[in-house]
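Down below is the structure, laid out as structure tokens.
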Amino acid sequence: MAHAVPTSWSISATSRRPHGRRASVTRCGGSPFGEVSGKSSASPFGGKPSSSSPFGGAGGGSPFGTGTSSVDPFAAAPAGTDRKEKGAWGENSKRSKHGRVVEKADYRAWNDVEVFDVPSDLRRPDAEAVAEHVKFYGLEELFPGTGLQEKFNSDAAFRTAIRRAIRNDLFVPDPNASDKVNAAISSLSSSLMVNWKTSRTGYASLSRVFADDGVENLTGENFIQTLGALCGPVSHGSLIDITSTGRRQERHSWHQDSGLDRFTVMVGFPPESNWTGVGVFSHSCKLSHPLRQDGEEGEVIQWEDYEVGELPVSAIGRPEYSPGHEVMVYCDATHLHSAPDETNRESVWRFM
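In this text, residue positions in the sequence shown follow the numbering used here: the first is 3, and each later residue adds one.
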């Protein structure tokens, strides 16, 4: 049974082109709900065809699990020198270029968060104002009649079994590494990057998990491909299972993965069953306009590199996970994002 992707949502933004050749369009170039403007890159990850990183910039090695790094690219900068013992966002706050730790009371509810008005000199040339931002989906909306949403939110063992299954179906062991190293790379405690577009097992492990746990009329292939399709017609093809860092408090580190008009899809795995709260999804800042790219096309954009100060707390969004709110979709070019400053999750998946 195939599950159709909703087609009622679009984002207004501009297409990404090298300096001096930019033009305005009316929707995000990577919209899963409309056509892509301009030529697609020869690289499956967008940006410079020579880059092997799905996040832009100077990547190295295979993006699909045939190598590993000792540095976790998904964690915020570790907490430390700028942590406050009392108060937040006030005159006693300690500063660093990575930002401050903010108390819960200072944050606004998600629906009350302001869109950050990007200063004119930081805007992408000829960029139009962004009309829409983050979109959320429920598993029942995406997979109606399967019973997936109820099972997912009520059964911790089922959620972990899904994470284990993608390692069986999608992880490609490094032939130059030992069995012990490959086991460590693919362990549930490691952040793992794989290619979601193809499976050497035909997604058999995922299909078996769904069948064994009473999820009806859903195969592993339909599950992964439906979620991946939310990235739009042009996507990197990477899926990352981002595990908890083990640190409950972090500093925000605001950035864009590439600055490209491409969609990122996040699937939250909450810390416990029947759970509602923040700290599962990345924190997000909605931008009024796409940011200018000072580096090469497709490189990571770090907010701190602009040296214009910190984001106002009124613009820091803390997306809430809840049943019916398991999937978060946003355009990289029209948001800044950061690991949560307080993490509450088993993991989060990121499709690109």
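Cβ atoms here follow ideal geometry from the backbone N, Cα and C, with glycine treated the same way.
What do you reckon, are the CB atoms on residue i and residue j nearer than 8 Å?
| i | j | result |
| --- | --- | --- |
| residue 156 | residue 275 | yes |
| residue 335 | residue 116 | no |
| residue 264 | residue 237 | yes |
| residue 321 | residue 252 | no |
| residue 278 | residue 323 | yes |
| residue 255 | residue 300 | no |
| residue 258 | residue 211 | no |
| residue 188 | residue 173 | yes |
Using a threshold of 7 Å, is the CB atom of residue i nearer than that to any non-hydrogen atom of the ligand HEM?
| i | result |
| --- | --- |
| residue 144 | With respect to small molecules bound, the structure shown includes none, and the ligand HEM cannot be examined in it. |
Which two residues bound the contiguous alpha helix (DSSP H) that contains residue i?
| i | result |
| --- | --- |
| residue 172 | 158-172 |
| residue 331 | Counting along the chain, residue 331 falls outside any alpha helix (DSSP H), though it belongs to the beta strand (DSSP E) covering 329-333. |
| residue 202 | Premise fails: residue 202 is in no alpha helix (DSSP H) and is neither H nor E. |
| residue 228 | 222-231 |
| residue 183 | 181-187 |
If you draw a straight line from the C-alpha of residue i to the C-alpha of residue j, how long is it?
| i | j | result |
| --- | --- | --- |
| residue 209 | residue 333 | 30 Å |
| residue 309 | residue 293 | 14 Å |
| residue 304 | residue 330 | 22 Å |
| residue 145 | residue 126 | 37 Å |
| residue 119 | residue 206 | 47 Å |
| residue 221 | residue 129 | 41 Å |
| residue 162 | residue 111 | 30 Å |
| residue 190 | residue 244 | 10 Å |
| residue 229 | residue 345 | 23 Å |
| residue 124 | residue 131 | 13 Å |
| residue 352 | residue 241 | 6 Å |
| residue 121 | residue 306 | 14 Å |
| residue 164 | residue 325 | 17 Å |
| residue 233 | residue 108 | 32 Å |
| residue 298 | residue 185 | 35 Å |
| residue 231 | residue 114 | 29 Å |
Only counting the same chain, and skipping five residues up and downstream in sequence, which positions put a Cβ closer than 7 Å to that of residue i?
| i | result |
| --- | --- |
| residue 347 | 246, 270, 271, 272, 273, 281, 282 |
| residue 148 | 217, 218, 219, 220 |
| residue 327 | 138, 140 |
| residue 239 | 46, 197, 198, 199 |
| residue 290 | 117, 118, 119, 120, 131, 132 |
Just to confirm the assignment, what range does the beta strand (DSSP E) spanning residue i have?
| i | result |
| --- | --- |
| residue 243 | 240-245 |
| residue 144 | Run containing residue 144: none in the beta strand (DSSP E); it sits in the alpha helix (DSSP H), 141-144. |
| residue 194 | 194-197 |
| residue 266 | 265-271 |
| residue 340 | 337-340 |
| residue 350 | 349-353 |
| residue 285 | 285-288 |
Is residue i close to chain B? Criterion is C-beta to C-beta, closer than 8 Å.
| i | result |
| --- | --- |
| residue 278 | Structure shown: chain B not included; a single protein chain is present. |
So, for residue i: in the same chain, excluding its five sequence neighbours on each side, which residues have a beta-carbon less than 6 Å away from its beta-carbon?
| i | result |
| --- | --- |
| residue 339 | 284, 286 |
| residue 142 | 151 |
| residue 295 | 261 |
| residue 139 | 329 |
| residue 268 | 283, 330, 350, 352 |
| residue 354 | 56, 238, 240, 266 |
| residue 64 | For residue 64, the predicted model reports a pLDDT of 40, less than 50, meaning its position is unreliable; a value from the coordinates is still stated below. Cβ neighbours of residue 64 beyond the five flanking positions: none. |
| residue 158 | 275 |
| residue 181 | none |
| residue 204 | none |
Kindly list the residues whose CB is nearer than 8 Å to the CB of residue i, restricted to its own chain and excluding five residues on each side of it in sequence; keep chain order.
| i | result |
| --- | --- |
| residue 136 | 286, 288, 319, 321, 330, 331, 332, 337 |
| residue 153 | 160, 215, 216, 217 |
Does the segment 173-188 come into contact with the segment 209-226, if we say contact requires no fewer than three beta-carbon pairs (one atom in each stretch) closer than 8 Å? Output reads no: the segment 209-226 does not touch the segment 173-188.
Contact between the segment 192-210 and the segment 158-169: three or more CB pairs below 8 Å? Counting Cβ pairs under 8 Å, three or more are found: they touch.
Contact between the segment 209-219 and the segment 312-326 (3+ Cβ pairs under 8 Å): no
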